[in-house]
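With this note's numbering applied, the sequence shown covers 6 to 400. We treat Cβ as the ideally placed atom computed from N, Cα and C, and that holds for glycine.
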Amino acid sequence: MSTELIEVTEGNTRVLVPNLERYRIGRKIEPAHAPVFYNPAMEVNRSISVLAVEAYSRLFNYKDLTVCEPLSGTGIRGLRYLLETKCVSKVIMNDIDEDAYKLILMNVEKNNVQNRVEVYNTDASQLLLNLRGRIIDIVDVDPFGSPIEFIYPALKAIRHRGLLAVTATDVGVLMGRYPQKCIRRYGSRPIYSIDYSREIGLRILVGSIARIALQLDYGIRPLLCYYEGHYYRCFMMILKDRSDAVLTVKNLGYVLHVRASGKIEFLKKYPTYKIRRRDVDVGGPLWIGHIIDLDFVKEIYEILISEKQYLMSNEKLVKLIEEFIEEAPLSNVPYYTTSMICRGLGSEVSSRRLIEALRKAGIDASRTHMDPRGVRALEEVEVLREIASSILDRE
Ligand SMILES: C[S@@+](CC[C@H](N)C(=O)[O-])C[C@H]1O[C@@H](n2cnc3c(N)ncnc32)[C@H](O)[C@@H]1O
Numbered sequence: 006m007s008t009e010l011i012e013v014t015e016g017n018t019r020v021l022v023p024n025l026e027r028y029r030i031g032r033k034i035e036p037a038h039a040p041v042f043y044n045p046a047m048e049v050n051r052s053i054s055v056l057a058v059e060a061y062s063r064l065f066n067y068k069d070l071t072v073c074e075p076l077s078g079t080g081i082r083g084l085r086y087l088l089e090t091k092c093v094s095k096v097i098m099n100d101i102d103e104d105a106y107k108l109i110l111m112n113v114e115k116n117n118v119q120n121r122v123e124v125y126n127t128d129a130s131q132l133l134l135n136l137r138g139r140i141i142d143i144v145d146v147d148p149f150g151s152p153i154e155f156i157y158p159a160l161k162a163i164r165h166r167g168l169l170a171v172t173a174t175d176v177g178v179l180m181g182r183y184p185q186k187c188i189r190r191y192g193s194r195p196i197y198s199i200d201y202s203r204e205i206g207l208r209i210l211v212g213s214i215a216r217i218a219l220q221l222d223y224g225i226r227p228l229l230c231y232y233e234g235h236y237y238r239c240f241m242m243i244l245k246d247r248s249d250a251v252l253t254v255k256n257l258g259y260v261l262h263v264r265a266s267g268k269i270e271f272l273k274k275y276p277t278y279k280i281r282r283r284d285v286d287v288g289g290p291l292w293i294g295h296i297i298d299l300d301f302v303k304e305i306y307e308i309l310i311s312e313k314q315y316l317m318s319n320e321k322l323v324k325l326i327e328e329f330i331e332e333a334p335l336s337n338v339p340y341y342t343t344s345m346i347c348r349g350l351g352s353e354v355s356s357r358r359l360i361e362a363l364r365k366a367g368i369d370a371s372r373t374h375m376d377p378r379g380v381r382a383l384e385e386v387e388v389l390r391e392i393a394s395s396i397l398d399r400e
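The structure is reproduced here in C-alpha cells:
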C-alpha cells in the first residue's frame with residue numbers, strides 16, 4: 006500500500022492505520038478520503054462494543070464466541086474483540102477493498118493472532134451467506150451509511166440467541182431530513198423537525214431490522230440501542246423461534262405527534278381516525294418497546310468498573326453508560342425535551358430540576374442519553390408542563 010501508516014492505540018489494542026493528517030481539509034480530518042477507512046471518532050462505539058460483547062457472554066453464559074465482522078476496514082474492531090474480551094476466541098474479518106484486506110492481514114500479524122482470525126476479501130453479504138452451516142455467535146455490521154442491505158444475510162448467518170450489532174451513520178435520513186429516502190430505504194415514515202425526531206430515527210432503524218427478522222419468522226430482543234452524535238448503534242439478540250417472532254410483532258407500532266399540545270404517543274395500530282385531524286403527524290412503523298435492557302447495561306457497567314478501568318479515562322463513554330442505566334426502565338416511553346414541555350411558559354426549566362420535581366410528585370422520570378434537555382416520564386405532557394410551570398412560578 007502506498008499510503009503512510011501510523012500506529013494507534015485504542016483501548017488495549019495497537020494497530021496500523023493511514024496517517025489521517027494527510028487527509029486533513031482545513032481543520033477537519035476526512036477519514037473517508039484515506040485509502041483504508043479508520044475513524045477515530047468511532048472509538049467510543051468500539052469500546053462500548055467490547056463491553057457489550059463481554060456483557061452478552063456473561064449475562065447469557067456463552068463462551069468461546071465466534072464473531073464475524075464483514076466490513077472490517079483496518080481490522081481494529083475485530084482485533085479489539087479478540088484482545089480485550091475473555092469470551093471471543095475467533096474473529097472472521099473481511100473487506101471488499103483490497104488495500105483494507107492487506108492492512109487487516111498486516112494488523113493481524115502485528116498482533117500475532119493469525120491462528121484466531123480468518124480474513125477474506127469479498128462482498129459482505131456474500132461472505133455472510135457463505136457462512137451457512139457454521140456457528141456464528143455474533144455479527145457486527147459496521148458499514149458506511151445505512152446497514153439495511155446487510156441485515157438479511159447477517160440474520161441468516163447468526164445462530165439462535167446470537168448477538169447482532171449494527172451501526173447506522175445515515176442519521177439524517179432516519180431522522181427524516183429526506184423523508185422519501187427514509188420511506189424507500191427503511192419502509193417507514195419519519196417525522197422531521199421535532200426535538201423527538203432523534204429517537205424516532207433510532208426506533209425506525211430497530212423496527213426495520215425487526216421487520217426483516219419477522220420475514221424469516223425470527224424475533225429480536227433489543228439489549229442496547231443508542232445514539233451518539235453522528236451515528237446510531239444497536240445490540241440485539243436474534244431469536245429463531247416462531248414464538249419470539251410473535252412477541253416481536255407486539256413491539257411494532259406507530260408514533261403520533263399532536264402539534265397543538267406537543268403530545269407524543271406510541272400506538273399499536275395505525276391511528277386512522279386521528280389522522281383526519283390536521284394537527285397530527287404519524288410516523289412509522291417503528292419499534293415502540295424498550296430499547297435499553299437494564300440488566301444488560303448494568304452488566305456493562307460492572308465489567309467497566311471491575312475489569313476495564315483503562316476505558317474509564319474516556320468521560321464520554323462513562324457518562325453514556327451511566328445514562329443508559331438511568332433511562333433503561335423508561336426506555337419504552339417517548340421523551341420530551343424541556344423546550345417541548347415549557348412551550349408557552351415564557352421560560353424553560355432544566356431537565357435536572359424538572360426530574361427532581363417529578364420524582365417528588367411520585368412520577369417515575371429519568372434523563373435520556375439522547376438529549377441533555379430530554380425527560381422520560383410516565384405522564385402526559387400536559388402534566389409535565391403543569392409541574393414545570395409551578396417550578397417557574399416559585400422562582
Ligand atoms: C465504516 S468502514 C468499517 C470500519 C470498521 N468496522 C471500524 O470499526 O473501523 C466500512 C468498510 O466497509 C467496506 N465495504 C464497503 N462495502 C462493502 C461490501 N459490500 N462488502 C465488504 N466490505 C465493504 C469499506 O471498504 C470499508 O472499509
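Rounded C-alpha distance that separates residue i from residue j
i: residue 122; j: residue 74; result: 11 Å
i: residue 268; j: residue 225; result: 28 Å
i: residue 180; j: residue 117; result: 42 Å
i: residue 150; j: residue 37; result: 12 Å
i: residue 203; j: residue 372; result: 15 Å
i: residue 292; j: residue 230; result: 11 Å
i: residue 376; j: residue 171; result: 21 Å
i: residue 85; j: residue 78; result: 13 Å
i: residue 240; j: residue 19; result: 25 Å
i: residue 67; j: residue 380; result: 36 Å
i: residue 388; j: residue 349; result: 14 Å
i: residue 23; j: residue 252; result: 46 Å
i: residue 195; j: residue 288; result: 5 Å
i: residue 270; j: residue 357; result: 23 Å
i: residue 95; j: residue 46; result: 26 Å
i: residue 211; j: residue 284; result: 27 Å
i: residue 205; j: residue 61; result: 26 Å
i: residue 353; j: residue 320; result: 27 Å
i: residue 103; j: residue 11; result: 19 Å
i: residue 9; j: residue 40; result: 10 Å
i: residue 266; j: residue 386; result: 8 Å
i: residue 322; j: residue 329; result: 11 Å
i: residue 87; j: residue 72; result: 9 Å
Identity of the residue in the options nearest residue i by Cα
i: residue 250; options: 174, 223, 270; result: 223
i: residue 161; options: 275, 221, 145; result: 221
i: residue 396; options: 139, 382, 363; result: 363
i: residue 190; options: 53, 156, 165; result: 156
i: residue 243; options: 65, 32, 174, 31; result: 65
i: residue 141; options: 133, 59, 387; result: 133
i: residue 312; options: 13, 374, 266, 59; result: 59
i: residue 274; options: 257, 196, 217; result: 257
i: residue 164; options: 112, 208, 245, 235; result: 245
i: residue 303; options: 315, 290, 325; result: 325
i: residue 147; options: 385, 158, 76; result: 76
i: residue 127; options: 40, 105, 27, 354; result: 105
i: residue 259; options: 213, 54, 237, 101; result: 213
i: residue 63; options: 168, 337, 43; result: 168
i: residue 317; options: 9, 398, 52; result: 52
i: residue 234; options: 13, 42, 48; result: 48
i: residue 113; options: 57, 82, 136, 101; result: 82
i: residue 331; options: 7, 298, 199; result: 298
i: residue 154; options: 217, 228, 361, 282; result: 217
i: residue 342; options: 232, 399, 125, 200; result: 200
i: residue 282; options: 264, 296, 294, 272; result: 264
i: residue 307; options: 57, 27, 44; result: 57
Distance cut-off 7 Å: residue i Cβ against heavy atoms of ligand 1
i: residue 101; result: yes
i: residue 76; result: yes
i: residue 82; result: yes
i: residue 105; result: yes
i: residue 149; result: yes
i: residue 18; result: no
i: residue 43; result: yes
i: residue 79; result: yes
i: residue 51; result: yes
i: residue 128; result: yes
i: residue 47; result: yes
Inside the stretch 258-319 only - beta strand (DSSP E) runs reaching at least 3 residues: 269-272, 285-292
Complete runs of the beta strand (DSSP E) confined to the stretch 143-207 [at least 3 residues]: 163-173
Any beta strand (DSSP E) of 3 or more consecutive residues that is wholly inside the stretch 318-380: 340-342, 370-373
In chain order, each alpha helix (DSSP H) run of at least 4 residues that lies wholly inside the stretch 17-92: 48-65, 81-89
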